[in-house]
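Enquirer: What follows is a structure written as C-alpha cells; I'll ask about it next.
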Amino acid sequence: MMRHVFARLPALALALTLILGLAACSPAREPSSTGAPTEGPTQSPAPTGTEIPTAVPTEGPAEGPQGQAFRLGGIAPLSGESARLGAAAMTGARIAVEEINALGGIRFEFDDRDDRDDAEIALGAYGALREWGMQLLVGCATDGPCAAMADQTANDRLFAMTPSASSGQAAGDCLYQMCLSDAGEGAAAAEYVSARFPNARIAAVYQGDDPAATAVWEGFAAKLRDSVIYDGPFTADTRDDLTVQMLTAQAVGADVVYLPVDARTAAAALACARQIGYAPAFVCGADADGLLSLEGFDTGLAEGVTVLSAFSPWAEDERTARFVSRYRELTGGLPNQTAAAGYDCVYAIYEGLRAAGCTADQSPEELCAALTGLFSSGGFSFSGLTGADQTWTASGRLVRAPAAFVIKDGEYTAP
Numbered sequence: 000m001m002r003h004v005f006a007r008l009p010a011l012a013l014a015l016t017l018i019l020g021l022a023a024c025s026p027a028r029e030p031s032s033t034g035a036p037t038e039g040p041t042q043s044p045a046p047t048g049t050e051i052p053t054a055v056p057t058e059g060p061a062e063g064p065q066g067q068a069f070r071l072g073g074i075a076p077l078s079g080e081s082a083r084l085g086a087a088a089m090t091g092a093r094i095a096v097e098e099i100n101a102l103g104g105i106r107f108e109f110d111d112r113d114d115r116d117d118a119e120i121a122l123g124a125y126g127a128l129r130e131w132g133m134q135l136l137v138g139c140a141t142d143g144p145c146a147a148m149a150d151q152t153a154n155d156r157l158f159a160m161t162p163s164a165s166s167g168q169a170a171g172d173c174l175y176q177m178c179l180s181d182a183g184e185g186a187a188a189a190e191y192v193s194a195r196f197p198n199a200r201i202a203a204v205y206q207g208d209d210p211a212a213t214a215v216w217e218g219f220a221a222k223l224r225d226s227v228i229y230d231g232p233f234t235a236d237t238r239d240d241l242t243v244q245m246l247t248a249q250a251v252g253a254d255v256v257y258l259p260v261d262a263r264t265a266a267a268a269l270a271c272a273r274q275i276g277y278a279p280a281f282v283c284g285a286d287a288d289g290l291l292s293l294e295g296f297d298t299g300l301a302e303g304v305t306v307l308s309a310f311s312p313w314a315e316d317e318r319t320a321r322f323v324s325r326y327r328e329l330t331g332g333l334p335n336q337t338a339a340a341g342y343d344c345v346y347a348i349y350e351g352l353r354a355a356g357c358t359a360d361q362s363p364e365e366l367c368a369a370l371t372g373l374f375s376s377g378g379f380s381f382s383g384l385t386g387a388d389q390t391w392t393a394s395g396r397l398v399r400a401p402a403a404f405v406i407k408d409g410e411y412t413a414p
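Position 254 of the sequence shown, counting from 1, maps to 253 under numbering that gives the first Met the number 0, and the rest follow consecutively.
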C-alpha cells in the first residue's frame, strides 16, 4: 500500500529533531513472551494444545427428538504462537455446546482439532473431521487457514462459521464470519470516531507490512481520510518502538490517535506517549482487547483509552455473567472477544437450525442450503454476547453496529 503522510514538513522536521534527543520509547515493563500474540486479541492466559479443558462435555446423549445429535467440528490453533487465540475460541464453543445440550431438543457432538495456524494442517484436520461425520463447522480461527477452508467448504457445501478470521478471503457462500471483516472494522471505527470526536485531528498508527492491518486502515481512511493529519505505518521489526510515530503525531497536533494494533503494540504506544508527555484520546482496534491482561503492563496507562471490542467480560447481564463464570472455572482467566465469538458461533448455528426446522439426520449439503438461505435472507438476525441484531450478507460478512468500551479503573465501561 502507498504510504500516506499528511503531516506538514515543518512538523515532521520538528519530530525528527526531537527524536535525536530522546531515547526510544518502550513500555515501562516489557510484556513477557506470554503476552498477547500478534495474530489476534487475547485477554487472559488460556489453555493450549492438549490443555484445553476437558471438563466440558462435548457429546450430547446418543439420542434425542431427532434420533441423533448434530456433529459439529471445530478447527483452531491449539498449539504454537496462536494457541491462546484458538483455545479461547474453542473453549467458548465448548461452553455453548454444554449449555445447549442441557436444554434438550437440538443437541451437538463436538470435536475440535488443532491447525497450528497452518493452512495445510487445517485442511488435514478438516478431512479427519469429515471422516468422523462432521455436518457443521466452527472455524478456522485465523486468516490463512480460514481462507483455505473457504474453498473447501464451498466445494463440499458444508456450513462453517469463523469466530475471528477477518480477512476478505475468510468468508464465502458457505463460510460466515462472527467478526467484522478487516475493512468493516476500519469503517466501524471511523463511524465511532466521527460520532464521538467530531472535528478531531486524527493520527493513524498501524503495521504497514501486515495485510490485515492495512485493510483495517484503508476501511478507516475511506470514511475519514480528510480528518487524518498523520498516517504513521510501522513494520513488524519496529512494533515495540513507536517513538517516531508518537512524536510526529504530537508535533502535528493530533488530538485523537487511532491504533488498529494488537495489545502488545498498544502498550508500547501508550508507554511512549506517557514518556513524551503526549495525552491525546487513544482509540484502539479490536486486536487490543487483551491490553489489560498483558503481564507487567501498568493498567494506569490505559485509563480513558477506548477499545473497539464487541464484548466486555465486566458486563452485568445474566448471560455474560454466566459465561464469564464458567470460563473462569475452566481456564482461571477472563474471556475475551474471541472466546465470546466462539460461543456465539455455536449459538448462531443452533438458532439457525431451529429456525430452519433442520434435523440431525440431514446431510451437510442439506444443512448448508438451509442455513445459508436463512442467514442471507435478510429476515434472520442474531443477538449474542458480541452484539444484538447481527445480520450477514450473502457473502458471509457480518453486519453489526460499532461497539466500543472505555477503560476506567481497569475495567471496560460504556462510552
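Note that the Cβ used here is the ideal one computed from N, Cα and C, for glycine as well.
Excluding five sequence neighbours on each side, which residues of the same chain lie with their C-beta closer than 7 angstroms to the C-beta of P388?
Expert: What sits at residue 388 in the sequence shown is Asp, not Pro. Around D388: S380, S382.
Enquirer: Please work out which residues of its chain come closer than 6 angstroms, Cβ to Cβ, to E410, disregarding the five sequence neighbours upstream and downstream, and give them in chain order.
Expert: These residues qualify, in order along the chain: W313.
Enquirer: Quick check for students: name the residue ranges of the beta strand (DSSP E) that lie wholly in the segment 188-237, counting only runs of 3 or more.
Expert: The qualifying runs are 201-206, 227-233.
Enquirer: For F109, report the span of its beta strand (DSSP E) as first-last.
Expert: Start and end: 107-113.
Enquirer: Beta strand (DSSP E) containing R70: first to last residue?
Expert: Note, R70: beta strand (DSSP E), 69-75.
Enquirer: Between L246, P232, L241, D181, which has its C-alpha nearest V215's C-alpha?
Expert: Ranking the options by Cα distance to V215, first place goes to D181.
Enquirer: Within the same chain, show all residues whose beta-carbon is closer than 7 angstroms to that of C173, passing over the 5 residues directly before and after it, in chain order.
Expert: Here the set comprises T152, A153, R156, L157, F158, A159, C367, T371.
Enquirer: Using only CA atoms, which one of D142, D230, A75, E190 lies nearest to G167?
Expert: Among D142, D230, A75, E190, the Cα nearest to that of G167 belongs to D142.
Enquirer: With three or more C-beta pairs closer than 8 angstroms as the rule, is the segment 88-98 touching the segment 121-133?
Expert: They do not touch, by the three-pair rule.
Enquirer: Tell me whether C283 sits in a helix, a strand or coil according to DSSP, three-state version.
Expert: Note: C283 maps to strand in three-state DSSP.
Enquirer: Taking the alpha carbon of G171 as the point to measure from, which residue in G79, G331, A75, A146 has its own alpha carbon closest?
Expert: Residue A146 is the option with its Cα nearest to G171.
Enquirer: When DSSP labels each residue in this structure, what does L122 get in the three-state scheme?
Expert: Looking at L122 - three-state DSSP - the assignment turns out to be helix.
Enquirer: Between which residues of its own chain and Q336 is the CB-CB distance below 7 angstroms, once the five residues before and five after are set aside?
Expert: Same-chain partners within the cutoff: P40, A285, D288, S308, A309, F310, T385.
Enquirer: Output yes or no for whether 9 angstroms exceeds the beta carbon distance between V306 and V260.
Expert: The answer is no: Cβ separation not under 9 angstroms.
Enquirer: Are L135 and M148 close, meaning C-beta to C-beta below 9 angstroms?
Expert: Contact flag unset, no.
Enquirer: Does DSSP put Y411 in a helix, in a strand, or in coil?
Expert: In the structure shown, Y411 sits in a strand (DSSP, three-state: E or B).
Enquirer: Run through DSSP, which three-state label would G383 get?
Expert: Of the three classes helix, strand and coil, the one that applies to G383 here is strand, per DSSP.
Enquirer: Just grab the DSSP bridge partners of L397 for me.
Expert: DSSP, once it has assigned bridges, lists W391 as partnering L397.
Enquirer: May I ask which residues mark the beginning and end of the beta strand (DSSP E) holding A159?
Expert: Taken as a continuous stretch (DSSP letters only), the beta strand (DSSP E) holding A159 covers 158-161.
Enquirer: Could you check the C-alpha separation between V352 and L223 for me, to the nearest Å?
Expert: Here residue 352 is Leu; the residue named in the question, Val, does not match the sequence. Those two C-alpha atoms are separated by around 40 angstroms.
Enquirer: How would you call S362, buried or exposed, if buried means at least 16 neighbouring beta carbons within 10 angstroms?
Expert: Result: exposed.
Enquirer: Give the C-beta separation of Q188 and F219 to the nearest angstrom, bearing in mind that I take them to be a contact with Cβ-Cβ under 8 angstroms.
Expert: Here residue 188 is Ala; the residue named in the question, Gln, does not match the sequence. Contact flag correct, Cβ pair sits at about 5 angstroms.
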